[in-house]
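First up is the structure itself, then whatever we jot down about it.
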Amino acid sequence: MLSVMPKRIADESLASYLLRLSLRNGFTSPLEWLDKPMWSAVTKNTISIKQRQLLSELVPCAMSTSDLSLAPKHSILFLDCHTDMPRICPYCVKGKGYLKEKWRNIGNLSCELHGCVLCDSCQECGEQLIWSPLLLQGTCTNELCLCPIKSYPISSQINELFIDEICDCLLASLFIQNPYTTVLPIYHHPSVSDFNSTLEQGFNFLSGKEVYDQFIERLGDAISPFSQLPEKFQFFPLTLLIRHLNAAWPINNCYVSFLQTPQVSSSSNRHIESFIVTFDSAIKLLGITKKQIFHTFPELSAKKVIPQNQQIDIAAIINRTTISVADM
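First residue of the sequence shown: 1, per full-length UniProt numbering; consecutive thereafter.
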């Protein structure tokens, strides 16, 4: 099937090599000679040993595991810091015609050779770049566009972030998109559209009081699903964010001030339908013991180990507590 077998370049990603291999053998896509699950595993960095062995029957260099090394965990959101979508330096690609493995790691925001920000979308049409042989030419992968991919500047403050801080920004962006988040999702890898804009959005939230104030306002708004609940529940998303930040940010000082400022509490007996949190969050929020949790949720007591992401709905407990306090 593959008559031409070019050498894989030392710092080349496996996905890039398979794209080059496809072109050299007359294919327009790896999907013309690989099944979809295999190609998906390569691009998502989830390829198993068995899949790698099968792929190596077609592509001997696929047995190399250098592209599979997982970096230490830096985020509560994902296990692997490699993106599932391509990020490229358009200047390197035009000059060398391949994609570097290091570009997939979110800890690398810019090209160390050219100093430009790595691109994951087209500046002309705004479309997300996808794994296509067009990338090897530095061309937009949207076939209705096909413009040269262009880099654009980002602030020096963002460009100098360490990976822990980058992960914090991605976490913060999650709360901007959904300020009522009470349980953090866990992914294998970061899957973010327009990575650089998302990063900037999170950075502004963690660094600027204006965005923080807007967030607090949304949590306290009458349309919030948690409005009229006691303060610790109403503003729990903020606590959840602060609890999982790696680095010290200006928002930490805002949070300290928030805790020291009396909030207006509601006297209403609002009945909330659902308030889902993790097992650990439930204990901290409700101020009760594991034994008391097991009494309320007996199905949990049968488990030998409570998973880190075990979710429980504490709405009934909140409603009982709120009513009891209101009746006093």
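For every residue, glycine included, the Cβ atom is placed at its ideal position computed from N, Cα and C.
Which residues bound the beta strand (DSSP E) around Thr296?
Along the sequence shown, read from residue 1 onward, the residue named residue 296 stands at position 296. No beta strand (DSSP E) holds Thr296; the alpha helix (DSSP H) holding it covers Lys290 to Thr296.
Does DSSP classify Lys303 as helix, strand or coil?
Locating residue 303 in the sequence shown gives position 303, counting from the first residue. Looking at Lys303 - three-state DSSP - the assignment turns out to be coil, as it is neither helix nor strand.
Please identify the residue among Val192, Trp39, Leu300 and Asn309 whose C-alpha is closest to the C-alpha of His82.
Here residue 82 refers to the residue found at position 82 of the sequence shown. If you compare the alpha carbons of Val192, Trp39, Leu300 and Asn309 with that of His82, the shortest gap goes to Val192.
Range of the contiguous beta strand (DSSP E) that encloses Gln311
Within the sequence shown, the letter at position 311 stands for residue 311. Note, Gln311: beta strand (DSSP E), Gln311 to Asp313.
Which same chain residues end up closer than 6 Å to Val4 when comparing Cβ atoms and leaving out the 5 residues on each side of it in sequence?
Taking the first residue of the sequence shown as position 1, residue 4 is located at position 4. Cβ neighbours of Val4 beyond the five flanking positions: Arg24 and Asn25.
Mapping DSSP to helix, strand and coil, what is Phe275?
For the purposes of this step, residue 275 is taken as the residue at position 275 of the sequence shown. In the structure shown, Phe275 sits in coil (DSSP, three-state: anything other than H, G, I, E or B).
Please classify Asn45: is it buried, with 16 or more other beta-carbons within 10 angstroms of its beta-carbon, or exposed?
Residue mapping note: residue 45 aligns to position 45 of the sequence shown, counting from 1. Buried: at least 16 other Cβ atoms inside 10 Å.
Which listed residue (Val305, Gln292 and His74) has its alpha carbon closest to that of residue 332
No answer is possible for residue 332: the residues shown for the chain start at 1 and end at 328.
Does DSSP put Phe78 in a helix, in a strand, or in coil?
As a first step, residue 78 must be located in the sequence shown, where it is residue number 78. It is a strand residue.
Among Cys169, Gln177, His114 and Ile149, which residue has its Cα nearest to the Cα of Gln157?
Along the sequence shown, read from residue 1 onward, the residue named residue 157 stands at position 157. Comparing Cα-Cα distances from Gln157 to each of Cys169, Gln177, His114 and Ile149, the minimum goes to Cys169.
Measuring straight from C-alpha to C-alpha, what distance separates Phe205 and Ile223?
As a position in the sequence shown, residue 205 is number 205, starting the count at 1. As a position in the sequence shown, residue 223 is number 223, starting the count at 1. A direct Cα-Cα distance of roughly 21 Å separates Phe205 from Ile223.
Check whether the Cβ atoms of Pro225 and Phe175 sit closer than 8 Å, and answer yes or no.
Translated into the one-based positions of the sequence shown, residue 225 becomes position 225. Translated into the one-based positions of the sequence shown, residue 175 becomes position 175. No, these two residues do not count as a Cβ contact at 8 Å.
Roughly how many angstroms lie between the CA atoms of Lys291 and Thr28, to the nearest whole one?
Residue 291 sits at position 291 when you count from the first residue of the sequence shown. Residue 28 sits at position 28 when you count from the first residue of the sequence shown. Distance between the alpha carbons of Lys291 and Thr28 is about 60 Å.
Just the C-alpha distance for His244 and Pro133, rounded to the nearest angstrom, thanks.
The sequence position of residue 244 within the sequence shown is 244, counting from 1. The sequence position of residue 133 within the sequence shown is 133, counting from 1. The straight-line gap from Cα to Cα measures roughly 39 Å.
On the criterion of 16 or more Cβ atoms from any shown chain inside 10 Å, does Ala248 qualify as buried, or is it exposed?
As a position in the sequence shown, residue 248 is number 248, starting the count at 1. The residue in question, Ala248, is exposed, as its Cβ has fewer than 16 Cβ neighbours within 10 Å.
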